[in-house]
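Okay, structure first, notes after.
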Amino acid sequence: MSGIRKVHVKTYGCQMNVYDSDRMTDALAPEGYVETDNIDEADLVILNTCHIREKAAEKVYSELGRLRVMKQERAARGDSLMVGVAGCVAQAEGKEIVRRAPVVDIVFGPQSYHLLPDLVAKAKAGRVVETEFPVEDKFEHLPAPTREKTIARGVTSFLTVQEGCDKFCAFCVVPYTRGAEVSRPAAQIIAEAERLAGAGVREVTLLGQNVNAYHGADHGEGWSAETGGRDWNLARLLTRLAEIPGLDRLRYTTSHPRDMDDELIAAHRDLPQLMPYLHLPVQSGSDRILAAMNRKHDAADYLRLIERIRAARPDIALSGDFIVGFPGETEEDFRDTLRIIDEVGYASAFSFKYSPRPGTPAATATDQVPEPVKTERLARLQEVLDARTKAFNESRNGMIMDVLFEKPGRKPGQIVGRSPWLQPVQVDAPTEMIGTIARVRIEAIGTFSLFGALVSTAGAVVAGDTGAAARGASGLPTTAHPANVHPALGAGAGGS
Ligand code: 5AD
Ligand code: SF4
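In the numbering used here, the protein residues as written are 998 to 1493.
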């Protein structure tokens, strides 16, 4: 066998898992592992899993069935394959995974990724299950990727600043799988953001299951004297990150309405780098259901909050998550949900059938909603949301906006980037423009993308990226949102 070993990480669920998968391959790099996209040539396959809904968790077991066959075929040729299960299913099910799927060699939870080289070494002698919450800070022990690797990963990046959740919404497994809310120290995050910007990253999305509850300690070198050791909040962190040269765009996801404080709302007014897009799930429009969900606010509180956010940043696009068929939800409750969607005017929203999760309070409620009712409500909800998405897309037609180009586009000669509102924008332009922000006039609207042309815009009013000066000038309608990436990537993940 050659000295180089190959690892393939398959990621399910949320953006935090995407970030974590990169950290896992970074942790294995010093051990001689290189990443491969091809599962067939991997010596080590890791499934980074999601437990948010039943469907997401079950996908893991079907993949493990395929890996069992693969491992047997390899064994028949005298080759080996090591299989690891990471993420929230690993954390929630632990040993149960190896019982149900003996193909698995390593089970390890989200707080153990820095231990991965050790776990791989141990697994050569027999199965390993590691789902403790270690006392040490994993981020202190996770190696940074090389500059080349960061460059290869592209001009946008995720950056986890907070993990876990203390909110205990009655439907949600996150407080159990990701644990209590923990924020990374500000200095650690700033250093990571500076490293990313130094390698050419232009846009950073700060991640956390409840990111706007961020309250990072101030024990970075040089920081305590200046600030007197006060905890950082998300607004202060964003303000500091906006000072980093080259970091032109900042986003954060996903947030809880109760943690949207005045400073954070003001940051949307004051920071041109903070993109005019906010994912702020409400889950339901019915006060009765919101109370049963333990959301700690009602529909009117949410609407007032949206008003304040819009007053600070009129062109902001709002996105949300909705659950249909939560235990006890009546047709009237559901209509309240349709009503709040109308009142808020979401640019995009994601909707899910309630899925009972083991260990959560709502799972044992006796008034579960029948599956056909959930199916019917979901279809009605999605029809409304799709229409809004379309309307929001259409509202960008003819607009001049700044686009950050990320990669080659669908057709030869095209490159694709993102609008300030996270919409993919396809433009005929040379690949050398990838990594730059350029002005684009939107000329056509597709189902998933906007299509535009490069413009020179001396004196033009540019929407979205232009900061406080142009704010309000665009008079943008804020209705629906196009096909963007949900913080839970469709499959689902923790999300406020
Ligand atoms: N059933 C259905 N949807 C859920 N979500 C979280 N838990 C559940 C569940 N048990 C949704 C919420 C959250 C999004 C990421 O997933 O809407 O915001
Ligand atoms: Fe926490 Fe969000 Fe889950 Fe509620 S839905 S428990 S806020 S992660």
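Beta carbons: idealized from backbone N, C-alpha and C, even for Gly.
Compare the beta carbon distance of Gly1213 and Tyr1249 with 9 Å and say whether it is the shorter of the two.
In this structure, Gly1213 keeps its C-beta atom at 9 Å or more from the C-beta atom of Tyr1249.
Within 9 Å, strictly: CB atoms of Leu1203 and Thr1157
Contact: yes.
By how many angstroms is the C-alpha of Ala1089 removed from the C-alpha of Tyr1173?
Answer to the nearest angstrom: the Cα atoms are 7 Å apart.
Please identify the residue among Asp1298, Met1398, Gly1081 whose C-alpha is closest to the C-alpha of Asp1040.
Nearest C-alpha to Asp1040: Gly1081.
Cβ neighbour criterion (16 or more within 10 Å) applied to Pro1027
Taking every protein chain shown into account, the CB of Pro1027 has fewer than 16 other CB atoms within 10 angstroms, so this residue is exposed.
Whole-number beta carbon distance between Phe1168 and Met1013, since they are thought to touch under 8 Å:
Not confirmed; about 19 Å, so no contact.
Residue from Ile1431, Ile1397, Asp1425, Pro1405 whose Cα sits closest to the Cα of Pro1417:
Minimum Cα distance to Pro1417 is reached at Ile1397.
Short Cβ contact (9 Å threshold) for Gly1317 with Tyr1351
Taking 9 Å as the cut-off, the beta carbon of Gly1317 is found no closer than this to the beta carbon of Tyr1351.
Apply the 10 Å Cβ neighbour rule to Ser1180 and answer buried if 16 or more other Cβ atoms are within range, or exposed otherwise.
Under this definition Ser1180 is a buried residue.
Option in Glu1391, Pro1409, Met1430 with minimal Cα separation from Thr1444:
Nearest C-alpha to Thr1444: Glu1391.
Cys1162 Cβ short of 8 Å to the ligand 5AD heavy atom set:
Taken from the Cβ of Cys1162, every heavy atom of the ligand 5AD lies 8 Å or farther away.
Are Val1004 and Val1066 touching if we call contact CB-CB under 9 Å?
Their beta carbons are not under 9 Å apart, which means Val1004 does not touch Val1066 by this criterion.
Is Val1437 closer than 9 Å to Gly1414 when the C-beta atoms are compared?
Note that the C-beta distance between Gly1414 and Val1437 is below 9 Å.
To the nearest angstrom, how far is it from the Cα of Arg1301 to the Cα of Pro1311?
Going by the C-alpha atoms only, they are around 14 Å apart.
Give me the residue from Lys1052, Pro1099, Val1341, Gly1197 with the minimum Cα distance to Leu1277.
Of the listed residues, the one whose Cα sits closest to Leu1277 is Val1341.
Say the cut is 8 Å; is the CB of Thr1334 nearer than that to a heavy atom of the ligand SF4?
Taking the Cβ of Thr1334 as the reference point, every heavy atom of the ligand SF4 lies at 8 Å or farther away.
Three-way DSSP call (helix, strand, coil) for His1276 in this model:
In the structure shown, His1276 adopts extended strand secondary structure according to DSSP, grouped into three states.
Could you tell me the alpha carbon to alpha carbon distance between Arg1407 and Gln1420, rounded to whole angstroms?
When rounded, the distance between both Cα atoms is 15 Å.
For Met1430, which three-state DSSP category applies?
Looking at Met1430 - three-state DSSP - the assignment turns out to be helix.
Can you find the residues in the same chain that come closer than 6 Å, C-beta to C-beta, to Ile1186, ignoring five residues on each side of it along the sequence?
Short of 6 Å from the beta carbon of Ile1186, and not among the five residues preceding or following it, lie these beta carbons of its own chain, in chain order: Val1158.
Check Gly1449 in the structure and name its three-state DSSP category.
The answer is strand: DSSP assigns Gly1449 an E or B state.
According to the Cβ coordinates, are Lys1146 and Asn1207 closer than 9 Å?
Not in contact: Lys1146 and Asn1207 (Cβ atoms no closer than 9 Å).
Hey, out of Gly1432, Thr1357, Arg1124, Ile1434, whose CA is closest to Val1171's CA?
Put simply, of Gly1432, Thr1357, Arg1124, Ile1434 the residue whose alpha carbon is nearest the alpha carbon of Val1171 is Thr1357.
Where Glu1160 and Thr1128 are concerned, what is the direct C-alpha to C-alpha distance, given to the nearest angstrom?
The alpha-carbon atoms of Glu1160 and Thr1128 are separated by roughly 16 Å.
Cβ-heavy atom distance, Phe1168 to the ligand SF4, below 8 Å:
Taken from the Cβ of Phe1168, at least one heavy atom of the ligand SF4 lies inside 8 Å.
For the ligand 5AD, is there a heavy atom less than 8 Å away from the beta-carbon of Phe1331?
Remark: the shortest separation between the CB of Phe1331 and any heavy atom of the ligand 5AD does not fall under 8 Å.
Cβ shell of Gly1243 (< 6 Å), same chain only, five flanking positions each side left out
For Gly1243, the CB contacts under 6 Å within the same chain, skipping 5 residues up- and downstream, are Ala1194 in chain order.
Same chain, Cβ closer than 7 Å to Thr1433, neighbours up to 5 away in sequence not counted:
Excluding positions up to five away in sequence, the list reads Phe1402.
Compute the distance between the beta-carbons of Phe1105 and Val1126, then report whether it is under 9 Å.
When the beta-carbon positions are compared, Phe1105 and Val1126 come within less than 9 Å of each other.
For the alpha helix (DSSP H) containing Asn1014, list its first residue and its last residue.
Counting along the chain, the alpha helix (DSSP H) containing Asn1014 begins and ends at 1012-1025.
Burial state of Arg1292, where buried means 16 or more other Cβ atoms lie within 10 Å
Classification of Arg1292: buried, given that the 10 Å Cβ count is 16 or more.
Going along the chain, which residues of its own chain have a beta-carbon closer than 6 Å to the beta-carbon of Ser1109, five neighbours each way excluded?
Closer than 6 Å at the Cβ level, and outside the excluded window around Ser1109, lie Glu1127.
In this structure, what does DSSP give as the bridge partners for Ala1314?
Answer is Tyr1274, bridged to Ala1314.
Could you check whether the Cβ of Lys1293 sits closer than 8 Å to any heavy atom belonging to the ligand 5AD?
Taking the Cβ of Lys1293 as the reference point, every heavy atom of the ligand 5AD lies at 8 Å or farther away.
Ala1467 in three-state terms, based on DSSP
For Ala1467, the pLDDT reaches just 36, beneath the cut-off of 50, and the residue's location in the model is therefore unreliable, although a value from the coordinates is still provided. The answer is helix: DSSP assigns Ala1467 an H, G or I state.
Report yes if the C-beta distance between Leu1287 and Gln1280 is below 9 Å; otherwise report no.
Closer than 9 Å, so yes.
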